[in-house]
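Here is the structure we will look at.
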Amino acid sequence: MASFAVCTYFPEVAQAFGTDWDGIAGAFIISFAIFHAMAILLIEFYGTLVVTLMLPCSPAEASHLLIEEPVPVALDESGLVGPGDTGDEAAPSLLSRFLAAFNRLVAGYRRTRCRTLLRVHVDQKNGGQSVTYTCVRYRYDAVEDSFVPAAEGIKVSPSIARRRLLRGGLAHDECARLQRLIGSNEITVQLPTVFQSLVAEFSSVFYVIQSMGCWVDLGYYLWNVGALLLVVMLKKKLHELAQHDTDVVALRDGEWTTIRSTDVVMGDLLRVDEQQELVCDGFLLDGTAVLEESALTGEPMPVHKVAVDEGCKDFDRRNAVYAGTRCVQSSGSSDERAVMVVSAIGGLTTKGQMIRLVMFPEPVRFKYHDQLPLVYLGLFVYALLLSVAFFAFTHIGSWVVTILQVLIVVKETLNPMLPVAMVMGQTVAAKRLRNHHKIFCLQPERIPVAGKISVMVFDKTGTITKDGMELSAVLPVREGCFGKQEQLAQPSTPSTLAEPQPYGDGGSMVVVAGDLRLGLACCHSVVRLADGTLSGDQVELAMLNASGWKLSDSDEGPVVSSPDGACKLGIIRRMHFDRETMTSGCVIRSALDGQLTVYVKGSPESIRDTCRSDTLPHDYAKICADLAGQNFYVLALSCRRLPPRVALEEIAAMPREVLEKDLRLVGLLLFKNEVKPDSALAIDMLREGDVRSVVCTGDSPLTAIGISKEVGIIDTTRPVLLGDVDQQQRLVWSDPDQSSLQDIIPIKGVHQLVVTRKAWRYLYHEEPDKLEKYWYDILVYARMKPSDKVTVVKWYQSRKLVVGMCGDGGNDCGALRAAHAAMALSQAEASMVSPFSSCRDGCSLITVVDLIREGRACLATNLATYSYYIVYAFVLTLGRFAITAIGNFNVTEWVLITSDIVLSVVMSWAMTLSGPATKLAPYRPTASLIGWRTILACMIPILISYTCQALALILLRLPANADWYYFVNTRDLDVLPRDWMKKGDNYDAAALNLALMLMLATHAHSATHGGAFRKSILKNWSINLLYALFLAFIFVLVWTPPTTLSCIYRVNCDTGASIEAAGVPVVSQFSVGSVGGCFLGPQIHRYQQLGYPSWTPSPEEDCRPPALALEQLPWDSPEISTLGYDGPNNVFSTRYAIHFTVMLVAAIIITQVWVKVGLLGWAAGWIRRRKIDEPFELVKLSLDERIQVKCRGDRYLRGRLVAYDSHLNMVLSEVEEVIEPPVKEGVKPPKPIRRELDTIFVRGDGIILVNPPPAKR
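Numbering follows UniProt numbering, with no gaps: position 1000 of the sequence shown is 1000.
The structure is reproduced here in structure tokens:
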């Protein structure tokens, strides 16, 4: 480059070496081509080359391990699809076929890009081999002959842990061996250095192409500044990994020793200290602990954990403690503290797994991600054709300059800002979600995916309903009959009370007495913390608060006291919740008479099996079902008196099955899980936005049906069927309101369906054809486990639907991760697995609506910025070719700078600032780069721009302008290489440059029109202000006389003003020579024709020709100083300025009207109608709309379409029927017969015509 510049300014240097400028430039081009070709090859194929040069071998001999990750074509190996596979608007059939062939062609290339090469580490001491992948260590297993998780096979049972506790814990040698085998208790995250970040950022073919253009610009435009300024936007990813390095107390070699948390190994015995954050997962082996799990699981109340029972063969969740939780209270036999056995460390802990899910999320393959390479391929083909055109139709005079022009065209066509602008829109949307909607986004690339959601799956508890349970009423049982249901007044925020507040009047609970009240007071696992706060399950807290009794601790255990303190009950044994029996209970002893009583509570079905039949009301099942249908969470309470002389040791050793039999039913406890105030509004807004809502919950079907009706997911005017599997393993559909109605056959489109877990599994595994038939009518999934929620989400995805999931981040983590876009209504760390989380306004469901609104706006913005860069590529490159072919003219330097910085960066950024529309439109935006709407959004502005530039040239050549317009090919001017940027000093280049900049700015502005998914463009003050300033700037250039500003852009400039512009600060320093100096207007050709063919103006000679030439053609003659300006110039006449202004204004109006009226009006409707490939799709679009049906016999029906089937049988509601009687000759036509009907069934074979609503037409 240095020799290139020297030879340009001093041609005699090149001559001294026996060459010329072409010879120096040719060497530059050869080295340039070799360097960039090698860069592209290394970037794209270096990893493949390394793997190819390696020799395959067995895992035992391997120095490296190659992991071939699945190509992100589907969500899993079951053939499910990602959001990129979902349907969208119609595209030209040729492009669709070409895209399919292109995807098949690059499938192998994608597989090579999904490889990870890991170095195998060898332990020099014991020879073990290991690798670390996704923060988990894997070791070589000779038996399996493969690498397996290092912790595999290391499992501690309760019996082994107790023996280890008695022996004094692990030995130091054993700990050292386990640490070498499994690794340290930490999550290692490799944070790249600044240099590594720069290399990773620029290791892209797009940046290589941009480098080609930058160096070509330097070589072609002769940058004579000694530095290259690159503005790099680095994506800074913040991994907030709660790496906790602290001291813990472990039992090693019989002594409690303080060690670092990183030295903890699996199987270690640790002491659980109060106010300590746990550093690993484990199980309580001795004592009890109260843990604050809100940060991890979202559980608002501290959780009481107990040690594993003697004789248990395995641990359960009552014993499980997790890394990242904080111990509030600890008690046990080891220094009065609990003891835990470590079950998982590092990345294998629950917290570590969540961090890994965040660090290594499932890849998102969206539609335009697949299509963008095809678009670049098309642009590359276009650039090649244009390159051929440059060689065939232009005659620049130097093959080197022609190649440089071609490379600049390639750079301008394959603009790397295209994908950057789409990311820019997602970044702005993520910021808007955080600042305006209090929605936190971990994966901005999922925002446009949220805009395509068509099915939203909701959990119930904590999502549609409030998080806590409130004891609303009790239903006592006396002598085998239900009594009167007693409503209870609700205390304020009972879950946060340190002291129980009684329900009822003044603290007296006169409505609830006897065993029912005592059961409420003691049948729970609530504990009192050291600070007096009550901790336990929210249902049990509500029970204790309802009783009005107080809980305290004594040396013998927990004690509950009556409000007046006269009666005290000691809890001598607690029976925690058992998942198999679905019951929990306690044994109490009265301090007054020593009476022992067993209290057991649980689901109505479980308690029914443990109670004596004579204590059960005859309508027990019906009442329980009715209460569940009223949205009550029902628990049954029972009790039994024990013999008075039973020893406490006998009670402690008595099997649970013995205590939980021959019970007497005391009553039903009715808890209310209140619906959030805005849940129904959110569901209604989603329905208006064409988003289908379904409920997937672990609650009972009747409760789920009641909640779904309350929020509007289930239509109360249409019948509901409940599907379940009976004892004969048959799928049975029944009416949930009338259980006697069994074996009902669902009618597609008529019945709303609810399925239980058993029914879902039966349909999913046994009868997928029926599932395919009924899936659209299934609105509620009840009694679902977390794994079942995942299968529901993935099944919807297999239907090529974009699926959203909304849950509280607890047991919904699997479904949240599986969904295309998920919202966790929680602030817990567990919500990290979800791309979006929020707890705004009490974890409102409106946040889901806001997310979808922002997603649709982001998707529309991404397509708008995409269309801008496509228009930029075609308009700029073809304009460059046109002016080169016409007269070897140039696009001037500051026009390019303005187009690349002010327009491509600043205005494209302003385009992303348009916020979402206030409501959801009844359709979704397109995500296709090759769909008709996107093609029209690019093609029409390109045609308008081409027309505008052509008219600008035609206007110049009108006979009326012959007195001042002068055309000359710059090849005839013999311009020196150092002045080649001044090949734009003419009328043609000036007119084309002005039209070019104005059309690019106009398209950027028009593409920001709101439409159905974004706010009105009038609310985006940034784009309006920039556009107004830019329009003023353009028209100032059109009308201004020669000034410094106009000469910077080489428009309306003459020699005198050009010389004065040489000293403009900043501009002159960054100019390559086109600012200041002599103006190389077309008039200098007149002097060259006088016998001075090699003369060009020089500042040293005041830009004047030789004296003899001035005598023949004076400087101020009309031929040189046209229109009276100073020497050669390109100043427009007033007549041309008027015509040019009218043309530009017309182009602006046409572009704006096309977008507002065409693209966002009738054209958009036409494109959406092209999605209707079959007649039934039009009928489907008319569901829940009023339609008109013409039947045989001149019968007309107008009503709301409720349902239809493949035979066009219809169910209409709110029907107006009109019958036209036959008309006889000579008789007065009878009046039509009219009547109104509620709901009717219309046979399809009698229908002649279906007229959809106007919006669908």
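From the three backbone atoms N, C-alpha and C, an ideal C-beta is built for every residue, glycine too. Predicted, not measured: the structure shown is a model, and the values here were computed from it.
With distances taken between CB atoms, is the gap from residue i to residue j smaller than 9 Å?
| i | j | result |
| --- | --- | --- |
| Thr-697 | Leu-722 | no |
| Leu-1249 | Gly-1199 | no |
| Trp-1154 | Ile-935 | no |
| Val-341 | Leu-285 | yes |
| Leu-994 | Leu-876 | no |
| Phe-440 | Arg-434 | yes |
| Asn-631 | Ile-572 | no |
| Ala-821 | Gly-809 | no |
| Leu-681 | Ile-846 | yes |
| Val-750 | Pro-736 | no |
Taking the straight line between their C-alpha atoms, what separation do you get for residue i and residue j?
| i | j | result |
| --- | --- | --- |
| Val-131 | Gln-275 | 36 Å |
| Pro-558 | Leu-551 | 7 Å |
| Gly-380 | Tyr-1125 | It should be pointed out that residue 380 corresponds to Phe in this sequence rather than to Gly. The straight-line gap from Cα to Cα measures roughly 45 Å. |
| Glu-240 | Ile-870 | Unreliable placement is indicated for Glu-240, whose pLDDT of 44 sits below 50; no coordinate value is reported for it. |
| Gly-507 | Ser-1182 | Reliability fails at Gly-507, whose pLDDT of 35 lies under 50, so the model's placement of it is uncertain and no value is given. |
| Leu-953 | Gln-1188 | 56 Å |
| Gly-532 | Cys-839 | 28 Å |
| Leu-665 | Ile-705 | 27 Å |
| Gln-538 | Pro-56 | 58 Å |
| Thr-465 | Tyr-923 | 28 Å |
| Asp-1194 | Pro-1232 | 10 Å |
| Gly-127 | Lys-785 | 44 Å |
| Ala-818 | Leu-117 | 27 Å |
| Ser-638 | Gly-667 | 7 Å |
So, at 7 Å on beta carbons, what are the nonlocal neighbours of residue i in its own chain, with the 5 sequence-adjacent residues on each side left out?
| i | result |
| --- | --- |
| Ala-530 | Gln-329 |
| Leu-1208 | Gly-1244, Ile-1247 |
| Leu-1008 | First, the residue type needs correcting, since residue 1008 is Thr and not Leu in the sequence shown. Result list for Thr-1008: Ala-864, Met-911, Ser-914, Ile-1017, Asn-1020, Ile-1023, in chain order. |
| Asp-684 | Gly-712 |
| Arg-1043 | The question names Arg, yet the displayed sequence has Thr at residue 1043. Excluding residues within five positions, the ones whose Cβ falls inside 7 Å are Ala-1057. |
Looking only at its chain, what residues have a beta carbon closer than 6 Å to the beta carbon of residue i, apart from the 5 residues adjacent to it on each side?
| i | result |
| --- | --- |
| Thr-394 | Thr-884, Ala-885 |
| Pro-916 | Arg-853, Glu-854, Ala-857 |
| Cys-1103 | Thr-1055, Cys-1078, Pro-1097 |
| Arg-783 | Thr-756, Arg-757 |
Span of the beta strand (DSSP E) holding residue i?
| i | result |
| --- | --- |
| Ile-1233 | 1233-1242 |
| Lys-550 | 550-554 |
| Glu-1225 | No beta strand (DSSP E) contains Glu-1225, which DSSP labels as neither H nor E. |
| Met-805 | 803-807 |
| Ile-187 | Here Ile-187 belongs to no beta strand (DSSP E), and DSSP marks it neither H nor E. |
| Ser-1117 | It is not in any beta strand (DSSP E) - Ser-1117 carries neither H nor E in the DSSP assignment. |
| His-64 | 64-68 |
Quick check on the burial criterion: 16 or more other C-beta atoms within 10 angstroms. Buried or exposed for residue i?
| i | result |
| --- | --- |
| Gln-405 | buried |
| Ile-901 | exposed |
| Glu-1100 | exposed |
| Leu-488 | buried |
| Val-400 | buried |
| Asp-555 | exposed |
| Ser-606 | buried |
| Cys-312 | exposed |
| Leu-541 | buried |
| Ala-962 | exposed |
Taking the continuous alpha helix (DSSP H) assigned at residue i, which residues delimit it?
| i | result |
| --- | --- |
| Ile-1138 | 1134-1153 |
| residue 1258 | No information on residue 1258 is available, as it lies outside the stretch 1 to 1257 that the chain covers here. |
Taking 8 Å as the limit between beta carbons, can you name the residues of its chain near residue i, skipping five residues before and five after?
| i | result |
| --- | --- |
| Asp-743 | Val-732, Trp-733, Ser-734 |
| His-1139 | Leu-955 |
Would you say residue i touches the ligand GTP, meaning its beta carbon is less than 8 Å from a heavy atom?
| i | result |
| --- | --- |
| Gly-480 | This structure lacks the ligand GTP, and indeed carries no ligand of any kind. |
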